[in-house]
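Protein chains in written order, with the working numbering: chain A, 95 to 312; chain B, 859 to 1030.
Note that beta-carbon positions come from the ideal geometry of N, C-alpha and C, so glycine has one too.
Structure record follows, encoded as C-alpha cells.
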Amino acid sequence: MSLPLYDTGIASGLLSGILFGYVLENAGFASPRKLTAQFRFTDWSVFKVMFTAVIVAGIGLYAAIGLGLMPANGIYIPTTFFWATLTGGGLVGAGMAVGGYCPGTSTVGLASGRLDGLFFMAGMVLGTGLFAAVFEPIERFYLAAQGPQGQTLPMLFGLPAWVVLLLLAILAAAGFAVGSRIERALGGPLTAEQVNGRDASRKDELVEEIEIVRVQTG
Amino acid sequence: MNPTIRPFWHPLTAGIALGLVLLLTFLLTGHGLGASGFFTRLTAWLGGEIARPAAEANAYLGPFLTAATHPLASWISWEIVGVLIGGVIAAVSGGRFRLRVDGAPNLGGSGRIALAVGGGILTGFGARLARGCTSGMGLSGSAPLAVAGFVFLIGFFVVGIAVGYLVRRVWA
C-alpha cells in the first residue's frame, strides 16, 4: 500500500470534517470571544493549538517520507506569492479580529448554535464575490513575487526537515511558556463556563432581568 | 434544563489531536484540511444561480462553474458538512450548544451581526487573495513546512493583533 491514498470521495471528506469539527469545538474555537482574545494576548489557545498541530502533523509527514512510506512530492505543498499570501493572511487576521472567526471556526460556531457564525459566512460569500469582481485589476498583485514551486523551509534554509521541526518545537515551547505567563497575568484563558455561561450573551442578561422584574413584582 | 458545561480540552491535547487529524487527512487525500475553498464554490454556485452569464464570464469564478467543480462534487464541501456534524456532536455532548447571537460582547444584536458580516467580507476577500484560509493555508501549508504557510501566519497574527487593538473596546 502506498501513501497517500488520494481518496477524495464523500466518505473521506465527511470523516476528515467530522474529526476536524469535533476537535475545533472541544478546543473552544467555536467561541469568537476565545478566538479574538488571542489578539489581545489574554488567551493563547489559538497559538498553542495551531503550533502544536503543525509540529505533530509535520513530524508525521516527514517521518512517513523518511521511512519510504510516501514520496516527498506525494502531498500538496502551496507555493508562495509573497505579497498576496502576506496581505491575504493579514486580511484573514483582520476578519477574525473584527468578526470573531475564520472560515473553519465560523462553521463550528454555527454548529454550537452561534447565529453570528452564519452571518460571518454570508460575509465571506460577499467578500469572495468582491474578490472575483476586482480579480482582473488586481491580478498582477495576485501573481507578484512568486516563490519557487512548493518551496519549504528546509529548502529555503538548506537544513534537514528534522532540524527545522526541532527548531519549531523549541520556538513552540518558548511560546507556550511565555504565553502561559502572560495569560495568568491577564486573568487566565477563557473557560467553557465563561464563554457559555449565562452572562455570555445579552439575550440571557435580558432573560435574567425579566426574571428579576418578575420576582420583584410577583 | 441547563446541562453541565464541560471544560474545553487543554491546548496541548487539542493541538496533538488536531495535528493527528491533519496528518490523517494528508495520508488519506494527499492534501490537508480546508474551509474557504467551500465558500469559493458556494459563491460561484450562487453567482451561477443568480446571474449565470456574468458569473461564467468572470475570470475568477467562471472556472468553478463546471460540473466537476459543483459544490456537491468536491471533497471540501463534504468536509465542511463533516465539520458541522463534528461541531454539533462536540457542542451537544459538552453541554455547550445554545442558540444565540454571540460576538463582540459590548455590542447589541445588530452591532454583533454587522461586525460578523464585515469580518466575513474581509476574510472572504483575504482567503482568495492568499489562496487559502487559516485551515487551508495557515495550518495545512505550515504542517508540510511550506514557506507560504508561515508567510500567511505572519500576516495573520501581525494584522490580527493590530486590528484587535483597534477594536478592543467592543470585544473586551
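Query	Result
C-beta neighbour in chain A for L923/B, strict 8 Å	no
Listed by chain order, chain B residues near V117/A by CB distance under 7 Å	A872, A875, L876, V879
Residue closest to V140/A, alpha-carbon to alpha-carbon, out of I971/B, G920/B, P869/B, P921/B	P869/B
Three-pair Cβ contact test at 8 Å for the stretch 173 to 192 of chain A versus the stretch 978 to 991 of chain B	yes
Test item: CB-CB of I908/B and A286/A under 8 Å	no
Distance between S206/A and S295/A (C-alpha atoms, nearest Å)	At S295/A, the pLDDT of 47 sits below 50, so the modelled position is not reliable and the matter cannot be decided from this model.
Buried or exposed by the 16-neighbour rule on C-beta atoms within 10 Å, applied to L259/A	buried
Neighbour-count burial assignment, T199/A, 16 or more Cβ in a 10 Å radius	buried
Three CB pairs or more closer than 8 Å across the stretch 883 to 890 of chain B and the stretch 166 to 181 of chain A	yes
Endpoints, alpha helix (DSSP H) assigned at Q288/A	286 to 290
Spatial distance of G115/A from F123/A (CA atoms)	9 Å
Under 8 Å between C-beta atoms of A151/A and A1001/B	yes
According to DSSP, residues forming a beta bridge with F175/A	Q240/A
Top-ranked residue by Cα proximity to G193/A, from A972/B, S894/B, G895/B	A972/B
Sequence-distant residues of the same chain with beta carbon closer than 8 Å to R899/B, five excluded per side	F922, T927, H928, P929, S932, I934, S935
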